[in-house]
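Top line first, the protein sequences correspond to chains F and Z. Here the first sequence stands for residues 70 to 116, numbered as in our numbering. Here the second sequence stands for residues 45 to 423, numbered as in our numbering. Report on the structure given below.
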Amino acid sequence: MLYVYLVLVALLIVNIVWNMLREKDVFVQVDAALVLVPLILRLLLIK
Amino acid sequence: MQLITRHNRTWAAVLLVLTALVCVLLAQQFLSMRVEEPIYPGPGVTEQRMLSDWFPGIKDTAADTPVYVLQGEQPGNSMLVLGGTHPNEPAGQLSAVLLIENAQLSVGTLYVIPRTNNSAFTTTDPQEGAPMRFTIDTPNGERWFRFGSRATNPVHQWPDPEIYVHASSGQRLSGSETRNINRSYPGRPDGTLTEKASYAIAEMIRKENIDITIDLHEASPEYPTINAVVAHEDAMELASWALLNMQMEGMDIMLEPSPKNLHGLTHRELGDFTDTYAVLMETANASQGRLRGRTNEALVVEGKDKFYVRAAQYGRLYVPFDENGHPLNERVARHVTGILQFAQAYNDLGLGAIAIDNMPTFTQINENGVGAYLNAPGE
Ligand SMILES: [Zn+2]
């Protein structure tokens with residue numbers, strides 16, 4: 070079960086980064102960066 | 045307002061670098077919670093083992109935790125003290141450490157687990173603003189301890205179910221309680237990490253024929269079960285006797301029977317599923333309460349809070365609460381006295397023999413502070 074959730078987190082991160090690179094509004098890009106922090110920490114099983 | 049630029053990829057790159065930097069800084073902080081506070085065993089400790097010795101299913105996991113064995117000169121009966129069931133209730137861990145660093149057994153055997161939910165020491169509870177550590181002054185320097193979470197680190201057991209169903213009773217609780225070790229007894233060898241840990245403790249009690257098990261807790265001052273002993277029905281006589289002696293030492297404490305329909309707790313399941321006398325003790329900890337003000341190290345150690353003083357004036361609390369608060373010294377003094385009185389009551393009632401010596405008294409811990417009985421760093 071843990072690994073299924075980690076794969077979901079990884080997909081979400083890829084998706085967010087992908088959209089961040091194509092996004093034109095810099096404030097939306099900042100939002101994306103903020104959302105990435107907890108996702109990355111969970112993917113690495115740090116927090 | 046929209047700031048649209050052709051250089052959005054440049055912005056993205058800058059932001060990604062910043063994100064990485066923030067992640068590194070946060071990771072360093074979060075990972076520092078995995079560093080264990082040092083414990084310096086006293087001459088009474090005859091052996092240091094790991095909980096996985098009794099159930100290998102938790103070996104090399106975050107649930108495995110040290111078990112300190114204090115074997116007496118003469119054979120006798122045995123007691124297990126569980127500190128750190130809930131690492132946001134620091135008097136439990138600290139009382140266990142005090143035993144490890146001071147106690148000497150002349151008769152019987154004492155087992156001490158200072159970090160019962162070892163994983164829960166590696167994180168703090170979200171949205172509590174709690175400090176990660178607190179320090180205690182000793183005559184020869186500072187000692188530090190972690191202030192952890194009530195439940196297993198989600199990183200070690202994830203995800204939580206919507207509803208936690210207690211395995212042996214079918215009791216339904218909110219999903220996050222699945223990581224609360226004191227809702228997981230008697231545990232399961234093939235269950236969650238938390239259930240495996242409580243199973244290991246039950247196995248240890250069964251294999252070592254441990255006669256008395258004392259689980260050390262703290263509670264919010266507004267919680268009804270406080271300054272109390274909760275005892276399984278088999279342990280009621282022992283607890284009543286111990287309680288009388290505690291009261292004679294000047295401790296205000298009450299006795300509550302373990303509710304039969306409240307499952308997963310030590311005082312219910314260890315009493316039902318093993319032959320041990322299962323009891324639990326509670327003291328008053330403002331730093332875990334809902335009415336508290338600023339949550340910092342001082343609140344953990346000194347236990348003073350003006351909002352609790354006011355709540356007491358309104359008659360909303362189950363313990364007296366004045367400007368002096370309930371410092372860690374007082375809370376540890378209560379736990380230690382309770383443990384010693386349980387051993388004494390066991391002897392007095394003719395149930396067996398166990399003698400824990402060389403421990404400071406209620407008054408000594410209160411007056412000199414816990415730090416006076418902690419070994420110096422490096423000792
Ligand atoms: Zn507790």
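The beta carbon of each residue, even a glycine, is placed where N, CA and C say it ideally should be.
- The C-beta of F:Ala79 comes no closer than 8 Å to any C-beta of chain Z.
- It is roughly 26 Å from the alpha-carbon of F:Pro107 to the alpha-carbon of Z:Phe189.
- Sorting Z:Ala275, Z:Val344, Z:Val156 by C-alpha distance to the C-alpha of Z:Pro175 places Z:Val344 at the top.
- Across the structure, F:Leu103 and Z:Ala147 are spaced so that their CA atoms are roughly 51 Å apart.
- Distances from the CA of Z:Ser163 to each of Z:Pro170, Z:Pro131, Z:Glu341, Z:Val141 were compared; the closest alpha carbon is that of Z:Pro131.
- In the three-state reduction of the DSSP assignment, Z:Thr168 falls in the coil class, being assigned neither a helical nor a strand state.
- The beta carbon of Z:Arg336 is closer than 6 Å to those of Ala330, Asp349 in its chain, skipping five residues each way along the sequence.
- The stretch 223-307 of chain Z is shown to contain whole beta strand (DSSP E) runs of 3 or more residues at 256-263, 272-275, 298-301, in chain order.
- At a Cβ-Cβ threshold of 8 Å, Z:Thr269 and Z:Glu300 count as neighbours.
- When rounded, the separation of the alpha-carbon atoms in Z:Val273 and Z:Val323 is 7 Å.
- The C-alpha of Z:Asp296 lies about 9 Å from the C-alpha of Z:Leu287.
- Look at Z:Leu418 here: in three-state DSSP terms it is coil, with no helix or strand label.
- Contact annotation: Z:Met298 and Z:Asn340 have beta-carbon atoms that are not nearer than 8 Å.
- Between Z:Arg194 and Z:Asp234, the CB-CB gap reaches or exceeds 8 Å.
- The contact set of F:Ile115 on chain Z, defined by CB atoms closer than 9 Å, consists of Cys67, Leu70, Ala71, Phe74, Leu75, Val199 in chain order.
- If the five residues before and after Z:Glu346 are omitted, its C-beta is found closer than 8 Å to the C-beta atoms of Gly369, Pro371, Leu372, all from its own chain and listed in chain order.
- Relative to ligand 1, Z:Glu172 has its C-beta separated by 7 Å or more from all heavy atoms.
- Around Z:Leu393, the same chain offers Glu281, Leu282, Trp285 as residues with beta carbons nearer than 8 Å, after the five sequence neighbours per side are excluded.
- Contact annotation: the stretch 83-95 of chain Z touches the stretch 108-127 of chain Z, with at least three C-beta pairs closer than 8 Å.
- Using a CB distance cut-off of 8 Å, Z:Pro203 counts as an interface residue toward chain F.
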